[in-house]
Amino acid sequence: MYLVTFLAKTKVKVNDPNYPEYPYPDLSTLKDEHSMTSIKYNINIFLKYIKEAKPIAKKVYNKYSQLKM
60 MYLVTFLAKT KVKVNDPNYP EYPYPDLSTL KDEHSMTSIK YNINIFLKYI KEAKPIAKKV
120 YNKYSQLKM
């Protein structure tokens, strides 16, 4: 969830019309059962989201931050 917060707050702060589009995780697909299968399923959803959003976050960080990764 940190990625979503970082991207949303940075977008508001920099107010750049060329700010890259970024996805939001689809939390409606998460399972609410208390089983190992459900936990693994939910973790996979978040891992897929991280894989998609992390490069965007790195690009934004490098462009708008004075620090470099």
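The sequence shown maps to residues 60 to 128 in the working numbering. Backbone N, C-alpha and C fix where the C-beta goes; we use that ideal spot for every residue, glycine too.
Does the Cβ-Cβ distance between Thr88 and Ile104 come in under 8 Å? Along the sequence shown, one-based indexing puts residue 88 at 29. Along the sequence shown, one-based indexing puts residue 104 at 45. The criterion of a C-beta distance shorter than 8 Å is satisfied by Thr88 and Ile104.
For Met60, three-class secondary structure by DSSP: The residue labelled residue 60 in the question sits at position 1 within the sequence shown. Here Met60 sits in coil by DSSP.
Might you give, ordered along the chain, the residues of its own chain that have their beta carbon closer than 6 Å to the beta carbon of Lys107, omitting 5 neighbours on each side? Mapped onto the sequence shown, residue 107 falls at position 48. Taken in chain order, the list of residues that qualify is empty.
Proximity below 8 Å, CB of Val73 to CB of Tyr120: As a first step, residue 73 is located in the sequence shown; it is residue number 14 there, counting from the start. As a first step, residue 120 is located in the sequence shown; it is residue number 61 there, counting from the start. Their beta carbons are not under 8 Å apart, which means Val73 does not touch Tyr120 by this criterion.
8 Å contact criterion, which Leu66 and Ile115 should meet: CB distance rounded: Residue numbering aside, residue 66 sits at position 7 when the sequence shown is read from its first letter. Residue numbering aside, residue 115 sits at position 56 when the sequence shown is read from its first letter. That pair is a contact at about 7 Å.
Use the C-beta contact count for Leu62: other C-beta atoms within 10 angstroms, 16 or more gives buried, fewer gives exposed. Along the sequence shown, read from residue 1 onward, the residue named residue 62 stands at position 3. If you draw a 10 Å sphere on the C-beta of Leu62, you find 16 or more other C-beta atoms in it, and that means buried.
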